[in-house]
Amino acid sequence: MKLTSLSIEEGSRMPAVYSYPGGNRSPELSWQDPPEGTRSFAVTCFDPDAPTGSGWWHWCVLDLPADLRTLPEGISSEALEALGAVTLRNDFGEAEYGGAEPPAGDGMHRYVFTVWALPEEKLGLTVESNCPTAGFLLHAKALGKAALTATYVTD
Numbered sequence: 004m005k006l007t008s009l010s011i012e013e014g015s016r017m018p019a020v021y022s023y024p025g026g027n028r029s030p031e032l033s034w035q036d037p038p039e040g041t042r043s044f045a046v047t048c049f050d051p052d053a054p055t056g057s058g059w060w061h062w063c064v065l066d067l068p069a070d071l072r073t074l075p076e077g078i079s080s081e082a083l084e085a086l087g088a089v090t091l092r093n094d095f096g097e098a099e100y101g102g103a104e105p106p107a108g109d110g111m112h113r114y115v116f117t118v119w120a121l122p123e124e125k126l127g128l129t130v131e132s133n134c135p136t137a138g139f140l141l142h143a144k145a146l147g148k149a150a151l152t153a154t155y156v157t158d
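Numbering (this note's numbering) for the sequence shown: 4 to 158.
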């Protein structure tokens, strides 16, 4: 699998529009070449550098249709729900994309966007589930995955 974006570049700083205070828009994401047997996708965004001891979940979307290959920039939770997807509450407590927002003075953080290919149409989690539980299941069940890592630092 391969994950690309018209909005962000691997290893590069994200534009402020994808940060929490700067616009809070999700970037465009596109993927190709899913493994045989893929019946759904999930998309996550995780900051492993957050000073929590366990990282920070910015986005967790499950149950995306198997024929989907792109998410447009700024897609809403309502639009994802119309596709049959479930958006879990991020670590900001919101069931939507939560942009980059490293603490001032904490330096550069990485934001790992990952698309996961899954062997079932529904992962079986609801909006009340949490992203760490989804992360566990995604790692356990994925047929394949592809990631794109962007960075951000609060000036």
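C-beta: ideal position from N, C-alpha, C; glycine also.
Because the structure is a prediction, the values reported are computed rather than measured.
Of all the options 72, 123 and 63, which has the alpha carbon lying nearest to the alpha carbon of residue 131?
Scanning 72, 123 and 63 for the CA closest to the CA of residue 131 turns up 63.
Residue 33 - containing beta strand (DSSP E), residue span
First-last of the beta strand (DSSP E) with residue 33: 32-35.
How big is the Cα-Cα spacing for residue 155 and residue 22?
Answer to the nearest angstrom: the Cα atoms are 8 Å apart.
For residue 23, which three-state DSSP category applies?
Looking at residue 23 - three-state DSSP - the assignment turns out to be coil, as it is neither helix nor strand.
Suppose you measure from the CA of residue 14 to the CA of residue 143; what does that come to, to the nearest Å?
Distance between residue 14 and residue 143, taken at the CA atoms: about 27 Å.
Along the chain, where does the beta strand (DSSP E) that runs through residue 47 open and close?
Counting along the chain, the beta strand (DSSP E) containing residue 47 begins and ends at 43-50.
In angstroms with no decimal places, state the Cα-to-Cα distance between residue 74 and residue 66.
Taking the Cα positions, residue 74 is about 13 Å away from residue 66.
Based on the DSSP secondary-structure assignment, which residues constitute the bridge partners of residue 156?
Answer is none; residue 156 lacks a bridge partner.
Extent of the continuous alpha helix (DSSP H) to which residue 83 belongs
Taken as a continuous stretch (DSSP letters only), the alpha helix (DSSP H) holding residue 83 covers 80-85.
Spatially closest choice to residue 113 from 34, 61, 5 and 27, by CA coordinates:
Among 34, 61, 5 and 27, the Cα nearest to that of residue 113 belongs to 61.
In the DSSP assignment, find the unbroken alpha helix (DSSP H) run with residue 144 in it and report its ends.
Residues 134-144.
Is it true that the CB of residue 91 sits closer than 8 Å to the CB of residue 119?
Not closer than 8 Å, so no.
Same chain, Cβ closer than 7 Å to residue 80, five either side skipped, listed in chain order:
Only 90, 98 and 99 meet the Cβ criterion.
In whole angstroms, give me the CA-to-CA distance for residue 133 and residue 103.
Using only the alpha carbons, I get a separation of about 19 Å.
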